[in-house]
Each structure stands twice: as structure tokens, then as C-alpha cells.
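Below is one structure; the comments refer to it alone.
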Amino acid sequence: MNESQLRHAIEDVASKTGVPEAEVQRCFEQALGSLCAHARVQDYLLVLAGRKVRESLRAMPGAQADAARVAPAARRLQG
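Counting in my numbering, the sequence shown runs from 1139 upward without gaps.
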């Protein structure tokens, strides 16, 4: 994982959730810190951190309305 990949992941989550990039970056830093501390293989840490960040953002107050708005667009992008 390099800085460019991390920046792209942060921008992607921020745009899909409507959460400010600074908040998403903070969440990524926490998730990556936790994952890196225990990871033997680091190839997929960014993917795992992204999943963890999206889950934590969905759990935030007000996230239900955002998720309802974002989910249909995300499904269209996936397939």
C-alpha cells in the first residue's frame, strides 16, 4: 500500500458516504493502526481497513439516511 492508494481509498469512501475526507482519514488511520499491529501479511490491509471504516461510518448517528441514499448508487457501481 502506498500513499496514493490510501488517498484514493479515503476519497472513494468519503464520496460514497458523504462524510468529510478528514473524518474518513482519521477512521482509516485508526483501522490501519489496529490491523497493522497484528498483520503478518499486509497485502490486503487497505481493503480490510476500508471495510472496517465503512462499517464504523454506518454505525454513526445519522448514517441510516446516508446509507439509504448511497446504497443504490454503490450497488450500480458494483454490478
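Note that the Cβ used here is the ideal one computed from N, Cα and C, for glycine as well. The model shown is predicted, which means the values in this text are computed figures rather than measured ones.
Among the options, the one whose alpha carbon lies nearest that of residue i
i: Arg1192; options: Gln1143, Cys1165, His1146 and Ser1142; result: Cys1165
i: Arg1189; options: Asn1140, Ser1142, Glu1141 and Ile1148; result: Ile1148
i: Ala1197; options: Thr1155, Glu1141, Ser1142 and Glu1167; result: Thr1155
Contact set for residue i: own chain, Cβ-Cβ below 7 Å, skip 5 residues either direction
i: Leu1183; result: Met1139, Leu1170, Leu1173, Cys1174 and Ala1177
Sequence-distant residues of the same chain with beta carbon closer than 6 Å to residue i, five excluded per side
i: Ala1152; result: Glu1159 and Val1162
Residues near residue i by beta carbon distance below 8 Å, same chain, minus five either side
i: Gln1180; result: Met1139 and Cys1174
i: Gln1143; result: Leu1184
First and last residue of the uninterrupted alpha helix (DSSP H) at residue i
i: Ala1177; result: Unbroken run through Ala1177: none, as it is neither H nor E.
i: Asp1150; result: Glu1141 to Thr1155
Would the stretch 1174 to 1182 and the stretch 1140 to 1160 be scored as touching if the rule is three or more Cβ pairs under 8 Å?
no
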